[in-house]
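In our numbering, the protein residues as written are 17 to 136. Below: one structure, written as structure tokens.
Right, dumping it as structure tokens:
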């Protein structure tokens, strides 16, 4: 793994790795896709791309060690990206399974987890 840096803030954490710097909310919600997008924007997010979520998945183990030490909820479930399917954009969006970095499509009316992510 490349160099990795974790910085805790009041309501979020920052990770720096592979030339990226992301702020990620400590809070995680279970919402449908549309509500998840609204929640992310209201909580300082908007950069929940598949690539950014896969970076979280790649560094999940060291991130989770830091989160556990802080008494915060760890990363692990299916997380909504802000990217819709190219074929059925009104019905399907992409999720990233943070425990293994797997990307899949998922019905936007279904609930998955979401964390606000912003690129710095």
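Ideal Cβ placement from N, Cα and C applies to all residues, glycine included. Just so you know, these numbers come straight off a predicted model, no measurement behind them.
Whole-angstrom C-beta distance between residue 33 and residue 71, which should lie under 8 Å
Numbered from its first residue, the chain shown carries residue 71 at position 55. Numbered from its first residue, the chain shown carries residue 33 at position 17. 6 Å between Cβ atoms; contact.
For residue 120, list the residues DSSP reports as bridge partners. Within the chain shown, the letter at position 104 stands for residue 120. DSSP lists 111 as partners of residue 120.
Whose C-beta lies closer than 7 Å to the C-beta of residue 66 among residues of the same chain, with five residues either side of it excluded? For the purposes of this step, residue 66 is identified with residue 50 of the chain shown, where counting begins at 1. For residue 66, where only same-chain residues beyond five positions count, the Cβ hits under 7 Å are 97, 99, 110, 112 and 119.
query: residue 46: buried (16+ other C-beta within 10 angstroms of its C-beta) or exposed?
result: Position 30 of the chain shown, counted from the first residue, corresponds to residue 46. Looking at its Cβ environment, which holds fewer than 16 other Cβ atoms inside 10 Å, residue 46 is exposed.
Would you mind reading off the limits of the alpha helix (DSSP H) that contains residue 72? Along the chain shown, read from residue 1 onward, the residue named residue 72 stands at position 56. Note, residue 72: alpha helix (DSSP H), 66 to 74.
How about residue 41 and residue 132: do their beta carbons lie closer than 8 Å? Here the question's residue 41 lines up with position 25 in the chain shown. Here the question's residue 132 lines up with position 116 in the chain shown. Contact flag set, yes.
Bridge partners of residue 36, per DSSP? Locating residue 36 in the chain shown gives position 20, where the first residue counts as 1. According to DSSP, residue 36 bridges with 33.
query: When we look at the beta-carbon of residue 68 and count the other beta-carbons within 10 Å, is it buried (16 or more) or exposed?
result: Taking the first residue of the chain shown as position 1, residue 68 is located at position 52. Residue 68 comes out buried.
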